[in-house]
Amino acid sequence: MTAAGGAPATGVAAVVVTYHPGAEAPVLIEELARQCQWVIVVDNGSAPGELEPVRGACERAGARLVENGGNRGIAAAQNAGIAAARSLGARWVLLSDDDSVPGPGMVAQLVEAFAASARGRPAPVGAVGPLVGEERQGRDQLVYVARRWGPRRATAEELAQPYLSVAFLIASGCLISMEALDRVGLMNEGLFIDHVDLEWGLRARREGYELIVATGTAMAHSLGDEVVRIPGRRQPVHMHSPVRNYYLARNTLALIGSGLLPVAWRVGYLVWIAKYAAFNAIMAPPRAERARALAQGLLDGLRGRRGPRA
Numbered sequence: 006m007t008a009a010g011g012a013p014a015t016g017v018a019a020v021v022v023t024y025h026p027g028a029e030a031p032v033l034i035e036e037l038a039r040q041c042q043w044v045i046v047v048d049n050g051s052a053p054g055e056l057e058p059v060r061g062a063c064e065r066a067g068a069r070l071v072e073n074g075g076n077r078g079i080a081a082a083q084n085a086g087i088a089a090a091r092s093l094g095a096r097w098v099l100l101s102d103d104d105s106v107p108g109p110g111m112v113a114q115l116v117e118a119f120a121a122s123a124r125g126r127p128a129p130v131g132a133v134g135p136l137v138g139e140e141r142q143g144r145d146q147l148v149y150v151a152r153r154w155g156p157r158r159a160t161a162e163e164l165a166q167p168y169l170s171v172a173f174l175i176a177s178g179c180l181i182s183m184e185a186l187d188r189v190g191l192m193n194e195g196l197f198i199d200h201v202d203l204e205w206g207l208r209a210r211r212e213g214y215e216l217i218v219a220t221g222t223a224m225a226h227s228l229g230d231e232v233v234r235i236p237g238r239r240q241p242v243h244m245h246s247p248v249r250n251y252y253l254a255r256n257t258l259a260l261i262g263s264g265l266l267p268v269a270w271r272v273g274y275l276v277w278i279a280k281y282a283a284f285n286a287i288m289a290p291p292r293a294e295r296a297r298a299l300a301q302g303l304l305d306g307l308r309g310r311r312g313p314r315a
């Protein structure tokens with residue numbers, strides 16, 4: 006495999022999901038075309054004017070553009086891209102949001118990490134991701150390891166390991182083997198958005214796969230719409246729109262009832278969703294809109310409703 010400036014990584018298909026993309030999306034597409042054998046862009050219903058720069062980048066980069074014509078959700082878009090990658094004969098799929106920033110040589114480093122991280126491990130490696138970090142306030146690192154009460158942020162000591170086994174991988178920047186996708190299955194389209202990567206990671210771990218972060222390979226990514234600091238809390242809080250409050254509430258209950266979580270993790274997520282709902286409904290404007298979205302999400306979660314918000 007290649008480092009910065011070399012040939013594209015053989016057998017890797019990048020799947021980029023666009024939704025109202027910004028100016029960084031064309032840059033991302035062209036950069037991934039330099040690093041991957043194939044690039045597949047799946048658009049979830051962006052306006053024609055928003056999509057035109059993406060279309061131009063695809064033409065310049067030789068990427069395939071799949072237009073869904075509407076917002077089918079992140080999981081369905083990823084699955085459409087994975088299907089296209091499989092038809093091309095890809096061995097690995099690199100998932101990417103349209104606002105992530107891969108460093109030079111990132112994809113080749115992740116492919117190399119597949120083999121390097123597997124040495125001496127009893128379980129097969131199903132996916133490898135970079136060290137995902139925020140570039141906004143707090144410069145938070147989005148790496149989650151398994152703890153008693155659920156996934157929690159990795160410590161500095163853990164991040165000092167070259168290859169860290171994690172509870173799940175942030176989807177953007179995640180390199181998944183097609184073999185693992187065949188065995189574990191595709192992304193859960195019923196979730197639509199939020200917890201899709203977590204749910205797939207839980208299924209992968211249940212099937213005996215390890216998920217690895219290559220800590221020496223960095224990627225910038227933004228989680229949520231903004232980041233705020235709360236006095237007395239070490240980690241910043243990622244704020245989401247009210248519609249995302251709905252999906253996070255609903256899908257957290259879906260995970261708790263899925264049978265994928267150990268008992269202690271179910272308790273941990275019940276505590277988390279209670280705190281999350283209270284903070285967003287009481288302290289985060291627009292409070293009334295957030296409270297309605299959270300209430301609907303919790304009710305729909307209890308009813309077992311899936312798919313897009315009604």
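The numbers in my numbering rise by one with no breaks, and the one at position 298 of the sequence shown is 303.
For each residue, glycine too, the CB sits at the ideal point set by N, CA and C.
In this structure, does DSSP put residue i in helix, strand or coil?
| i | result |
| --- | --- |
| R69 | strand |
| L147 | coil |
| R297 | helix |
| S92 | helix |
| A28 | coil |
| P53 | helix |
| A12 | coil |
| A38 | helix |
| I87 | helix |
| N285 | helix |
| E212 | coil |
| A82 | helix |
| R311 | coil |
| R77 | coil |
| P58 | helix |
| L303 | helix |
Opposite residue i in the DSSP bridges: which residues?
| i | result |
| --- | --- |
| I45 | V20, R69 |
| I217 | V133, S170 |
| W97 | V17, S182 |
| D102 | V22 |
| M224 | P107, V137 |
Contact check, residue i vs residue j under 8 angstroms by CB: the rounded distance?
| i | j | result |
| --- | --- | --- |
| I87 | V71 | Between V71 and I87 the Cβ distance is about 11 angstroms, and since that is not below 8 angstroms, they are no contact. |
| V272 | A219 | Actually they do not touch by this definition, with Cβ atoms about 32 angstroms apart. |
| A62 | P31 | 4 angstroms |
| I45 | A90 | 6 angstroms |
| R249 | E212 | About 29 angstroms separates the two Cβ atoms, so there is no contact after all. |
| V130 | I175 | Actually they do not touch by this definition, with Cβ atoms about 17 angstroms apart. |
| R153 | E215 | That belief does not hold up - the Cβ atoms of R153 and E215 are roughly 19 angstroms apart, past 8 angstroms. |
| G155 | Y252 | Incorrect: roughly 18 angstroms between the Cβ atoms, too far for contact. |
Ignoring anything shorter than 3 residues, give me the beta strand (DSSP E) runs that lie fully in the segment 152-204, in order along the chain. 155-158, 168-170, 180-182
Would the segment 163-176 count as touching the segment 255-263 if we require 3 or more Cβ pairs under 8 angstroms? Too few Cβ pairs lie closer than 8 angstroms, so no.
Just to confirm the assignment: which complete alpha helix (DSSP H) runs, minimum length 4, are found wholly within the segment 104-142? 111-123
Should the segment 100-113 be called in touch with the segment 147-154, which here means at least 3 C-beta pairs below 8 angstroms? no
If we count Cβ pairs, one from each stretch, closer than 8 angstroms, do we get three or more for the segment 64-78 versus the segment 41-51? yes
Assess contact between the segment 187-207 and the segment 107-116, defined as three or more Cβ pairs (one per stretch) separated by less than 8 angstroms. Is contact present? no
Complete alpha helix (DSSP H) runs within the segment 244-282 (minimum length 4 residues, chain order): As far as the segment 244-282 is concerned, its whole alpha helix (DSSP H) runs of at least 4 residues are 247-261.
Contact between the segment 156-165 and the segment 284-298 (3+ Cβ pairs under 8 angstroms): no
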